Structure formats: structure tokens, C-alpha cells
Amino acid sequence: MADDDLTTPTASKGDVAHVMAKAGLSSIPVIGGAAAELFQHLVQPPLERRRIAWMNAVGEKLKELEDRGLDLDSLRENERFISTVMHASQLALRTHQEEKRAALRNVIVNAARGQTPDEAVEHMFLDFIDSLSDLHIRILRLFQAPKPPQTMSMGGLSNVLEHNMPELRGRRDLYDQFWRDLYSRGLVNTDGLHTTMSGSGLAQKRTTGLGDAFLKFISDPAE
Numbered sequence: 168m169a170d171d172d173l174t175t176p177t178a179s180k181g182d183v184a185h186v187m188a189k190a191g192l193s194s195i196p197v198i199g200g201a202a203a204e205l206f207q208h209l210v211q212p213p214l215e216r217r218r219i220a221w222m223n224a225v226g227e228k229l230k231e232l233e234d235r236g237l238d239l240d241s242l243r244e245n246e247r248f249i250s251t252v253m254h255a256s257q258l259a260l261r262t263h264q265e266e267k268r269a270a271l272r273n274v275i276v277n278a279a280r281g282q283t284p285d286e287a288v289e290h291m292f293l294d295f296i297d298s299l300s301d302l303h304i305r306i307l308r309l310f311q312a313p314k315p316p317q318t319m320s321m322g323g324l325s326n327v328l329e330h331n332m333p334e335l336r337g338r339r340d341l342y343d344q345f346w347r348d349l350y351s352r353g354l355v356n357t358d359g360l361h362t363t364m365s366g367s368g369l370a371q372k373r374t375t376g377l378g379d380a381f382l383k384f385i386s387d388p389a390e
């Protein structure tokens with residue numbers, strides 16, 4: 168498969184890149200008259216740029232896999248892979264948050280390598296990516312391997328969070344809600360951030376098995 172087939176997705180209807188190109192825009196409702204003109208003027212150009220950037224980014228990742236020996240042509244007949252690509256692409260076109268877009272790229276890479284959970288779990292994880300923010304994902308990653316301040320002998324998980332994510336310092340109402348969102352989805356094993364514990368307790372892993380599986384699902388397999 169030539170490089171251009173991946174970086175410039177203008178191939179046949181069955182091509183993986185072509186499927187991704189059509190995935191996001193197909194769900195946009197049709198509107199008419201002045202509303203359509205306004206939509207095209209304000210939204211279509213940046214949406215098209217976002218679509219092209221996404222296709223190129225995914226194409227580069229798939230080319231890397233091909234260079235390592237993966238047969239990309241075999242993916243054309245893999246219905247589950249195509250469904251994953253379409254779902255992830257629709258979500259990617261709806262967000263500008265790079266953390267989420269990177270996660271969705273990694274989902275496609277992992278799917279191409281056949282490293283995905285059960286189909287129902289995959290669907291749930293994609294919904295998590297859609298509903299959670301980039302800050303949710305960063306908090307979850309942080310508490311998979313927490314790093315409390317070296318000088319802290321006692322404190323709460325909130326101290327660990329504020330130390331590692333200074334942009335959230337003093338914003339307890341916000342990060343408490345983020346934590347509740349993660350806990351309600353079964354991704355972390357502690358229901359709050361404010362229980363006082365020892366330094367060794369602060370360094371203990373807080374992600375659940377489901378949380379670890381989700382992070383693996385959205386992580387670059389090369390890292």
C-alpha cells in the first residue's frame with residue numbers, strides 16, 4: 168500500500184480512510200435556506216479542516232503499523248474494525264480536545280492490532296471518551312500511579328491532585344465533580360479525595376480493573 172493511500176484518503180469506497188472520511192459528516196442533519204448558508208459559512212470550513220487533520224493523523228498511525236508488518240488490506244473486510252473506526256471518527260470530529268483525539272486515535276490503532284475488549288465493553292469505553300473531558304482522563308491517569316509530594320507524610324488525595332495538576336488548585340467543587348464522574352463509572356476505587364492518610368497511602372493506586380482496562384484501551388501501544 169503506497170504512502171499516499173494513507174495520507175491523502177481519496178481511495179475507493181472500500182478504503183479504510185474513505186470510511187473514516189464519511190463517518191463523522193454523515194450524521195449532521197440536513198437544514199435548508201438561510202440556516203444552511205449560515206451553517207456552511209461558520210461551521211463547514213473548520214469542520215472540513217478538522218476532518219482532514221483527523222484522517223491524516225489516523226493514516227499516519229496506520230502507516231506505522233503497516234511498516235511493522237500489519238496487513239492493512241485485511242482490515243477492509245473486518246466489520247468490527249470498520250465500526251470502531253466510524254464510531255471513533257464521529258467522536259473525534261465533535262471535539263477539539265487533543266487528549267480525547269489522541270485517545271481516539273489510539274483506539275483505532277489498538278483495534279487494528281486486534282487488542283480490544285469485548286464489543287459491549289468497547290462501546291461503553293467509547294461512550295466514556297465522549298462523555299468525559301480531557302481533565303477526567305488526566306486525573307484518571309494520575310491516580311493509576313499517584314505521585315504525592317516527597318515531603319508530604321500525611322494528607323488527602325486532593326493534595327496529590329493539586330500538586331500534580333496546579334491548574335485545579337483551589338477548585339475543589341470542580342475536581343470533586345470530576346472524581347464523582349470517575350467513581351460512578353467504576354473507574355476509581357475511592358469515593359472521595361479528602362480522607363487524611365499516610366504518605367504511603369497517598370501513593371497507592373486508585374484505579375480499578377475497569378479503569379486500568381479503559382486506560383489501556385485509549386493508550387498508545389508503543390508507549
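In the working numbering, the protein residues as written are 168 to 390.
The C-beta atom is built at its ideal place from N, Cα and C for all residues, glycine as well.
Every value quoted in this text rests on a predicted model; they were computed, and no experiment measured them.
Unbroken alpha helix (DSSP H) run spanning residue i, endpoints
i, result
"methionine 319", "From DSSP, methionine 319 is part of no alpha helix (DSSP H); its letter is neither H nor E."
"alanine 380", "376 to 384"
"histidine 254", "246 to 260"
"leucine 335", "No alpha helix (DSSP H) contains leucine 335, which DSSP labels as neither H nor E."
"lysine 314", "Run containing lysine 314: none; DSSP gives neither H nor E here."
"arginine 217", "211 to 234"
Of the listed residues the options, nearest to residue i (C-alpha basis)
i, options, result
"alanine 312", "Gly200, Val327, Leu299 and Glu244", "Val327"
"serine 351", "Leu229, Ser386, Phe295 and Gln211", "Phe295"
"arginine 338", "Asp348, Ser325 and Pro213", "Ser325"
"serine 300", "Glu244, Leu349, Asn245 and Thr375", "Leu349"
"leucine 237", "Glu266, Val276, Gln207 and Arg216", "Val276"
Nearest-angstrom Cα separation, counted from residue j out to residue i
i, j, result
"methionine 253", "alanine 380", "21 Å"
"leucine 309", "lysine 372", "9 Å"
"phenylalanine 248", "leucine 302", "28 Å"
"leucine 307", "methionine 332", "12 Å"
"threonine 289", "threonine 363", "According to the sequence as given, residue 289 is glutamate; it is not threonine. Each residue's alpha carbon lies about 36 Å from the other."
"glutamine 344", "aspartate 358", "11 Å"
"alanine 370", "arginine 218", "41 Å"
"arginine 280", "glutamate 231", "12 Å"
"leucine 377", "alanine 201", "47 Å"
"leucine 271", "glycine 323", "32 Å"
"leucine 341", "glutamate 334", "11 Å"
Residue i (DSSP reduced to helix, strand or coil)
i, result
"methionine 291", "helix"
"serine 325", "helix"
"serine 365", "strand"
Contacting residues, own chain, Cβ-Cβ under 7 Å from residue i (five flanking each side not counted)
i, result
"glycine 282", "In the sequence under discussion, the amino acid at residue 282 is glutamine, which differs from the glycine named in the question. Same-chain partners within the cutoff: Pro388."
"isoleucine 336", "In the sequence as presented, isoleucine is not what sits at residue 336; that position holds arginine. So the list reads Glu329, once near-sequence residues are dropped."
"serine 386", "Asn273"
Neighbourhood of residue i by C-beta distance below 6 Å, restricted to the same chain and skipping five residues each side
i, result
"alanine 278", "Phe248 and Thr251"
"tryptophan 346", "Leu360"
Contacting residues, own chain, Cβ-Cβ under 8 Å from residue i (five flanking each side not counted)
i, result
"arginine 268", "Trp221, Ala224, Ala259 and Thr262"
"serine 320", "Ser365 and Gly366"
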